[in-house]
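Numbering (the working numbering), first residue to last: 147 to 396.
Ideal Cβ positions, reconstructed from N, Cα and C, are used throughout, including at glycine.
Structure first, then comments.
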Amino acid sequence: MPFSESLSDSFFEEVDPVRRGLGLYRHLNDVCYFVKNREGRFVAANEALVLLLGYARESDVVGKTDFELVPTYLADHYLNDDQQVLLHGEQVVNKVELVTRNDLSVYWYTTTKVPVYGKDGSIIGLEGVTREFKAASSALGAYPELFKVIDFVEEKYSEKICVADMAGRANLSVRTFERQFKKRFNLSPIAYLKKVRINAACRELIHSNHTIARIAMDCGFCDQSYMTKEFARLMQITPQVYRDTHLRSL
Numbered sequence: 147m148p149f150s151e152s153l154s155d156s157f158f159e160e161v162d163p164v165r166r167g168l169g170l171y172r173h174l175n176d177v178c179y180f181v182k183n184r185e186g187r188f189v190a191a192n193e194a195l196v197l198l199l200g201y202a203r204e205s206d207v208v209g210k211t212d213f214e215l216v217p218t219y220l221a222d223h224y225l226n227d228d229q230q231v232l233l234h235g236e237q238v239v240n241k242v243e244l245v246t247r248n249d250l251s252v253y254w255y256t257t258t259k260v261p262v263y264g265k266d267g268s269i270i271g272l273e274g275v276t277r278e279f280k281a282a283s284s285a286l287g288a289y290p291e292l293f294k295v296i297d298f299v300e301e302k303y304s305e306k307i308c309v310a311d312m313a314g315r316a317n318l319s320v321r322t323f324e325r326q327f328k329k330r331f332n333l334s335p336i337a338y339l340k341k342v343r344i345n346a347a348c349r350e351l352i353h354s355n356h357t358i359a360r361i362a363m364d365c366g367f368c369d370q371s372y373m374t375k376e377f378a379r380l381m382q383i384t385p386q387v388y389r390d391t392h393l394r395s396l
């Protein structure tokens, strides 16, 4: 075995990987880091995640499951991903998902989860990082033409937008734009547009008294029926149930 490999192996055999990771991530304010055991209970969380969940101390989060910390429809999403990691050893890489912050504002985050292995080689838990989608995406590389599109969609989501409009903002052909956008953000331009509109609908459902029909029009959907269908498909919950759930927590 080469000396470099031997040196690495002997060093990392002595390292507690979870404590090593948490020590690093404690100092990153824009990255949320967490570790869960096989039961889905948090055993470690950095300050960024604790604050995102609306708590003051790590001890407020440790020992709890997602179902005790976030709305059930979100916890169900997180559990499905956790099971992929815990039961099958699969990695969840840069998955874009909705996160409700402690002030009930909603944002898209990108999350990565990987298994944590015990000394016997079995999976004993998982660790993960999550970061606001736009910040995480900008850190992946310099594609300024694509970020012009992100800004355009966030500003104009209430209007009629097609892929050609977005491609024009990036000064790319539709085909090249779609390919580059999917490669960069791991979702299609239309899927991103829908996510932005759903995000806006979530905010209005909580912070306004507008009817769902009015919200659908304000957020760029053609009608209430279509928004309800897309909302339920993405969120696994109807707009009305989403509104009722969050208003009860106010």
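Exercise for the section: Tell whether a beta-carbon distance below 7 Å holds between Leu380 and Ile344. Expected result: Within the sequence shown, numbered from 1, the residue matching residue 380 stands at position 234. Within the sequence shown, numbered from 1, the residue matching residue 344 stands at position 198. Yes.
Handout entry: Beta-carbon contacts of Asn183 that lie in its chain and below 8 Å, excluding the five residues immediately before and after
Key = The count along the sequence shown starts at 1 and reaches residue 183 at position 37. Val189, Ile270 and Gly271.
Practice task
Decide if Thr425 is buried, meaning its Cβ has at least 16 other Cβ atoms within 10 Å, or exposed.
Solution key: The question about residue 425 has no answer, for the chain in this structure spans 147 to 396.
Problem - For Phe188: DSSP bridge partner residues - result: For the purposes of this step, residue 188 is taken as residue 42 along the sequence shown, with counting starting at 1. For Phe188, which the question treats as bridged, DSSP gives the partners Lys182.
Problem - Beta-ladder partner(s) of Pro261, from DSSP - result: Start at 1 with the first residue of the sequence shown, and residue 261 comes out as number 115. Beta-bridge pairing links Pro261 to Leu272.
Problem - Lys375 to Glu159 span [Cα, whole Å] - result: Taking the first residue of the sequence shown as position 1, residue 375 is located at position 229. Taking the first residue of the sequence shown as position 1, residue 159 is located at position 13. Answer to the nearest angstrom: the Cα atoms are 51 Å apart.
Handout entry: the region 219-234 / the region 259-278 touching (three or more Cβ pairs under 8 Å)
Key = yes
Problem - Presumed contact (8 Å Cβ cut-off) between Glu204 and Val196, rounded CB distance - result: Residue 204 sits at position 58 when you count from the first residue of the sequence shown. Residue 196 sits at position 50 when you count from the first residue of the sequence shown. Confirmed, Cβ separation roughly 6 Å.
Practice task
Please classify Val245: is it buried, with 16 or more other beta-carbons within 10 angstroms of its beta-carbon, or exposed?
Solution key: The residue you call residue 245 lines up with position 99 of the sequence shown. It is buried - the Cβ of Val245 has at least 16 other Cβ atoms within 10 Å.
Problem - Burial state of Pro217, where buried means 16 or more other Cβ atoms lie within 10 Å - result: Against the sequence shown, residue 217 aligns to sequence position 71. When all chains shown are included, Pro217 counts as buried.
Problem - Burial state of Thr257, where buried means 16 or more other Cβ atoms lie within 10 Å - result: Residue mapping note: residue 257 aligns to position 111 of the sequence shown, counting from 1. Buried: at least 16 other Cβ atoms inside 10 Å.
Problem - Coil, strand or helix - Lys210 by DSSP - result: In the sequence shown, the residue the question calls residue 210 occupies position 64. Residue state, collapsed to three classes: coil.
Exercise for the section: Please report how far the alpha carbon of Ala310 lies from the alpha carbon of Glu324, in whole angstroms. Expected result: Numbered from its first residue, the sequence shown carries residue 310 at position 164. Numbered from its first residue, the sequence shown carries residue 324 at position 178. Cα-Cα distance, rounded: 10 Å.
Exercise for the section: Determine, using beta-carbon pairs with one atom in the region 302-317 and one in the region 347-362, whether at least three such pairs fall under 8 Å. Expected result: no
Exercise for the section: Tell me, to the nearest whole angstrom, how far the beta carbon of Phe298 is from that of Val242; I am working on the premise that it is less than 8 Å. Expected result: Against the sequence shown, residue 298 aligns to sequence position 152. Against the sequence shown, residue 242 aligns to sequence position 96. So it is not a contact: roughly 18 Å between Cβ atoms.
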